[in-house]
Amino acid sequence: MTTRFALIAAAALLAGCAGSGDSAYRAASLEQPDCYTVDPFKTPRIKKPSDKVPAAWRAFAGRWGGGAWDGFVCHDLYVMAVEPSGDVLLFDAHGPGFGTDATAFTRKGRIGPDGHLRVRKGAAMVEYWIEDGKLHGVRVKGNARNRIIMSRRELARRYVAATPKVVPTADPS
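Just so you know, the sequence shown maps onto residues -20 to -1, 1 to 153 in mature numbering (1 follows the signal peptide of the UniProt record, and there is no 0).
Given below as structure tokens:
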């Protein structure tokens, strides 16, 4: 009888955690200022977007970090180039998680008419957008859906002109 009571009490306690405070806790855990991913062999170079790039799209350029997917997998994103077409060149770094060791890749993405940056990462599709000065993200792979919130990080030199031009890609959406 005591074991049964303990199980019922534990279930009630867990159900209580799913209240309104839970969403605030989850949002706070998505931001982790001390999160570490990888040390790039060579610091990614950020190209200053031209005036032909819409201002909302230019805001993506730079280094973003201090967040973890669902509070567990640290992530850094360097948006190295944003073109007037919406094509984007990225340096994408993750700490250990999602079944792999820490990784870093150069990727191509595209900003759509809705102002969201989308990039395919293997079988996963990731969507980023800027809200209240933070970079929010959703990663979808099969039925799994992960979230993150990152902050802008400063580079020693914020913009460097010698970044290669982005080669246009098919729209990943």
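From the three backbone atoms N, C-alpha and C, an ideal C-beta is built for every residue, glycine too. Predicted model, so just to flag it, every value in this text is computed and none were measured.
Under the three-state reduction of DSSP output, Leu135 falls in the coil class, being neither helix nor strand. Contact between the region 62 to 69 and the region 102 to 113 is not established, with fewer than three Cβ pairs separated by less than 8 Å.
With respect to the C-alpha of His96, the residue from Thr86, Val68, Thr80, Met60 having the closest C-alpha is Val68. The C-beta distance from Met60 to Lys22 rounds to 12 Å, too long to fall under 8 Å, and the pair is not in contact. Leaving aside the five residues that flank Asn126 on each side, the residues in its chain whose CB is nearer than 6 Å to its CB run, in chain order, Trp49, Asp50, Arg119. A distance below 6 Å between beta-carbons, with the five flanking residues on each side excluded, links Phe85 to the following residues of its chain, in chain order: Asp72. In the DSSP assignment, no residue is bridged to Lys32. Judged by beta-carbon spacing, Trp44 lies within the 8 Å limit of Leu115, meaning their Cβ atoms are closer than that value. Bounds of the beta strand (DSSP E) holding Cys54 are 53 to 62.
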